[in-house]
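Numbering (this note's numbering), first residue to last: 5 to 130.
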Ligand SMILES: [Zn+2]
């Protein structure tokens, strides 16, 4: 694994990567393209000159899904980025989820709301 200059290429949207210079809290950040290319974590953003992909997790330590608790979570939960949760939607315990679990939970929460509640919520986050 090698450092990649940000001028030479950027990670995929939502990718968790190791960043340089290392921010004071952790050398790991999430890459987001919105509104412009940004490395950050927990709502803070960092100036980054180089990044590299995360190494494979240790055996048996695959990413745990924050919704079902199972291993093999394959995406950052929507709330870690620009996504919003519907009222009543379960907030994942971890930052990673299975995309199917997130879709299912979104559908579940959405189906319990009235049209009026959905409209009010969408106006609220605009
Ligand atoms: Zn899951």
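Note that CB positions come from ideal geometry on N, CA and C, so glycine has one too.
(request) Select from 115, 81, 105, 116 the residue whose C-alpha is nearest the C-alpha of residue 20. (result) Working through the chain shown from its first residue, we reach residue 20 at position 16. When each option's Cα is compared against that of residue 20, the closest is 81.
(request) May I ask you to report which of helix, strand or coil DSSP gives residue 44? (result) Your numbering for residue 44 matches position 40 in the chain shown. In this structure, residue 44 counts as strand in the three-state DSSP scheme.
(request) In the DSSP assignment, find the alpha helix (DSSP H) that holds residue 18 and state where it starts and stops. (result) Here residue 18 refers to the residue found at position 14 of the chain shown. Premise fails: residue 18 is in no alpha helix (DSSP H) and is neither H nor E.
(request) May I ask you to verify whether the stretch 69-76 touches the stretch 29-42, counting CB pairs closer than 8 Å and requiring at least 3? (result) Segments in contact, no.
(message) If I follow the unbroken alpha helix (DSSP H) through residue 128, where does it start and stop?
(response) In the chain shown, the residue the question calls residue 128 occupies position 124. Segment 119-129, the alpha helix (DSSP H) holding residue 128.
(message) Please tell me whether residue 52 and residue 101 are closer than 8 Å, where the distance is taken between their beta carbons.
(response) In the chain shown, counting from the first residue as 1, residue 52 sits at position 48. In the chain shown, counting from the first residue as 1, residue 101 sits at position 97. The Cβ atoms of residue 52 and residue 101 do not sit closer than 8 Å to each other.
(message) Just checking residue 101 against ligand 1 - is the residue's beta carbon closer than 7 Å to any of the ligand's heavy atoms?
(response) Counting from 1 along the chain shown, the entry for residue 101 is found at position 97. True, at least one ligand heavy atom lies under 7 Å from that Cβ.
(message) What does the alpha-carbon distance come out to for the pair residue 14 and residue 87?
(response) One-based indexing of the chain shown puts residue 14 at position 10. One-based indexing of the chain shown puts residue 87 at position 83. Cα-Cα distance, rounded: 21 Å.
(request) Could you tell me the distance, in whole angstroms, from the CA atom of residue 107 to the CA atom of residue 91? (result) Here residue 107 refers to the residue found at position 103 when the chain shown is read from its first residue. Here residue 91 refers to the residue found at position 87 when the chain shown is read from its first residue. Cα to Cα, residue 107 sits roughly 15 Å from residue 91.
(request) Measure the C-alpha to C-alpha separation of residue 115 and residue 60 and round it to an integer number of angstroms. (result) As a working mapping, residue 115 is identified with position 111 in the chain shown. As a working mapping, residue 60 is identified with position 56 in the chain shown. In this model, residue 115 and residue 60 are separated by some 37 Å (Cα to Cα).
(message) Can you look up residue 49 in the DSSP assignment and give me helix, strand or coil?
(response) The residue labelled residue 49 in the question sits at position 45 within the chain shown. In this structure, residue 49 counts as strand in the three-state DSSP scheme.
(request) With a threshold of 7 Å, establish whether the CB of residue 77 neighbours any heavy atom of ligand 2. (result) This structure lacks ligand 2; the ligands present are ligand 1.
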